[in-house]
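**Q** According to this note's numbering, the sequence shown is numbered sequentially starting from 150.
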Amino acid sequence: QVQVVESGGDLVQAGGPLRLSCVASGIIFSINNLAWYRQAPGKERELVARISSRGYTNYVDSVKGRFTISRVNAKNTVYLQMNSLKPEDTAVYYCNAGNSGITYWGQGTQVTVSS
Numbered sequence: 150q151v152q153v154v155e156s157g158g159d160l161v162q163a164g165g166p167l168r169l170s171c172v173a174s175g176i177i178f179s180i181n182n183l184a185w186y187r188q189a190p191g192k193e194r195e196l197v198a199r200i201s202s203r204g205y206t207n208y209v210d211s212v213k214g215r216f217t218i219s220r221v222n223a224k225n226t227v228y229l230q231m232n233s234l235k236p237e238d239t240a241v242y243y244c245n246a247g248n249s250g251i252t253y254w255g256q257g258t259q260v261t262v263s264s
């Protein structure tokens, strides 16, 4: 059974840091591409950051220089380090794991940034 579980969401003040974690079990973690998405109220879900099975990363423009995605295959975990948070980063953040057209989603974790 595949499980994708995010954690780390919280209420933080603008300018502060926060780290999200996602543990994926039931898959061969090392061969999966991993990504963080977010969805703010009334908006579509958007890709925030992605890391390939080989460690290549890319980010949406709005978070470049502030967010860092990383993975530790030995722990089946992907992280999203978020610095200099802004109120517009407020959203539910979702973890995604995918390989060969099959993708898995977590249930999401709420990040709220107060001004």
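The C-beta atom is built at its ideal place from N, Cα and C for all residues, glycine as well. This structure is a prediction, so every number in the text was calculated from the model and none was measured.
Which word fits residue 175, buried or exposed, when buried means at least 16 other C-beta atoms lie within 10 angstroms of its C-beta?
**A** Position 26 of the sequence shown, counted from the first residue, corresponds to residue 175. Under this definition residue 175 is an exposed residue.
**Q** In three-state DSSP terms, what is residue 245?
**A** As a working note, residue 245 is residue 96 in the sequence shown. Residue state, collapsed to three classes: strand.
**Q** Output yes or no for whether 9 Å exceeds the beta carbon distance between residue 215 and residue 233.
**A** On the sequence shown, residue 215 is found 66 positions in, with the first residue counted as 1. On the sequence shown, residue 233 is found 84 positions in, with the first residue counted as 1. Cβ atoms of residue 215 and residue 233: closer than 9 Å.
**Q** Express the C-alpha separation of residue 260 and residue 150 in angstroms, rounding to a whole number.
**A** One-based indexing of the sequence shown puts residue 150 at position 1. One-based indexing of the sequence shown puts residue 260 at position 111. Their Cα atoms are separated by approximately 27 Å.
**Q** Measuring alpha carbon to alpha carbon, tell me which residue in 177, 242, 235, 253 is nearest residue 188.
**A** Position 39 of the sequence shown, counting from 1, holds the residue named residue 188. With distances taken between Cα atoms, residue 188 lies closest to 242.
**Q** Report the residue from 256, 155, 244, 248 whose alpha carbon sits nearest the alpha carbon of residue 203.
**A** Here residue 203 is taken as the residue at index 54 of the sequence shown, counted from 1. Residue 203 has its Cα closest to that of 248, out of 256, 155, 244, 248.
**Q** Tell whether a beta-carbon distance below 9 Å holds between residue 184 and residue 225.
**A** Stepping through the sequence shown from its first residue, residue 184 is reached at position 35. Stepping through the sequence shown from its first residue, residue 225 is reached at position 76. For residue 184 and residue 225, no; Cβs fall outside 9 Å.
**Q** Assuming residue 155 and residue 250 are in contact, meaning their beta carbons sit under 8 Å apart, how far apart are those beta carbons, in whole angstroms?
**A** Within the sequence shown, numbered from 1, the residue matching residue 155 stands at position 6. Within the sequence shown, numbered from 1, the residue matching residue 250 stands at position 101. Rounded, the Cβ-Cβ distance is 22 Å, inconsistent with contact.
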